[in-house]
Amino acid sequence: MLAVIVPRADDRLFGALVCQKEKSFKVYLPEDNALAGAYENQLSVVKGDLGSVTEPYVWVLEQGALPDQDFIRRACRTIGKHPEFDVYHANLAVGEGLPRVTKKEKLFKKLVLDNVPVPLSSCVFVTAVLKEKSVFRADGSMDPLSTVLACASARGLRNIWHQQLIWQAPSRPTDPASQERKIRDRLEFLHWTESFYGEEYPLGTGDRMDLIASELAKLFPSYSEDALKEQMYGFQVASGTVRKMRAASALRSALKARQAELK
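All the letters of the sequence shown, read from the start, carry residue numbers 0 to 262 under numbering that gives the first Met the number 0.
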């Protein structure tokens, strides 16, 4: 049986769940919600979060997702045929997707370098794995990218075949503080990857430095080159005298590209 966690319930999400062809699932609401009473005769709804889930598989259904009536049925069918995976994923209805199977060696490239979008709502997880490996940001929210990479690190990721998900990413404020927060989230993620992968990092040293430097350069001109250099040195890849020199060079190149972009 599948658990569906709905962090912020609304009529649209409840309506999508009512329409599912597969009915063997339970809905978990982390907070009391007046809508639950309106659907009590149509859905099995309980108050609880990830820690409360006892079902073997879990799906986090966030605002922005619009699953069709076959989503849970096809997810359960894929799980039944391929129980060896820890993460099952549906490509989004628009944009680049993932192949039927994405092995752990290629998953980093697809998600981090190619920026293939994988929101939490596009994935069904083995509950025990999500409980053990989910990654949270400083504000307490679950980080989708880190969580998917961590949960799929042992066995890769299996697509829910013939299934897509309509997804509208929540709009983010465009003020300078919010834009910086977005960049900081990405830098926090890159710090996490260094701790998570250690000596088995999926990129070579140079490519890794370029990835970090390109993100740091987005903070220019709000931060000076010297300030950004100090932040660059805070990454493990820049440890040591020679690597600091290489990191500084990578940052200079990224800042040159940034300055050209701003002209």
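Cβ atoms here follow ideal geometry from the backbone N, Cα and C, with glycine treated the same way.
Going by alpha carbons, who is nearest to residue i out of the options?
| i | options | result |
| --- | --- | --- |
| residue 44 | 106, 30, 50 | 30 |
| residue 147 | 225, 216, 118 | 118 |
| residue 100 | 114, 13, 111, 83 | 83 |
| residue 14 | 196, 144, 212, 65 | 65 |
| residue 48 | 86, 179, 37, 8 | 8 |
| residue 33 | 212, 10, 111, 3 | 10 |
Count the other CB atoms, across all protein chains shown, that sit within 10 Å of the CB of residue i; report buried if there are 16 or more and exposed otherwise.
| i | result |
| --- | --- |
| residue 77 | buried |
| residue 73 | buried |
| residue 61 | buried |
| residue 28 | buried |
| residue 192 | buried |
| residue 18 | exposed |
| residue 88 | buried |
| residue 132 | buried |
| residue 256 | exposed |
| residue 231 | buried |
| residue 177 | exposed |
| residue 85 | buried |
| residue 57 | buried |
Quick one: residues in its chain with C-beta nearer than 7 Å to the C-beta of residue i, no 5 flanking neighbours on either side, listed in chain order?
| i | result |
| --- | --- |
| residue 142 | 134, 135, 136, 188 |
| residue 91 | 116, 121, 163, 164, 166 |
| residue 81 | 157 |
| residue 229 | none |
| residue 106 | 148, 151, 155, 156 |
| residue 145 | 134, 188, 191 |
What are the boundary residues of the alpha helix (DSSP H) that residue i is part of?
| i | result |
| --- | --- |
| residue 11 | 10–17 |
| residue 196 | 175–196 |
| residue 230 | 224–231 |
Hey, quick one: how far does the beta strand (DSSP E) through residue i stretch, first residue to last?
| i | result |
| --- | --- |
| residue 99 | Residue 99 -> no beta strand (DSSP E), and no H or E assigned at all. |
| residue 70 | Segment 70–80 is the alpha helix (DSSP H) holding residue 70; no beta strand (DSSP E) there. |
| residue 25 | 24–28 |
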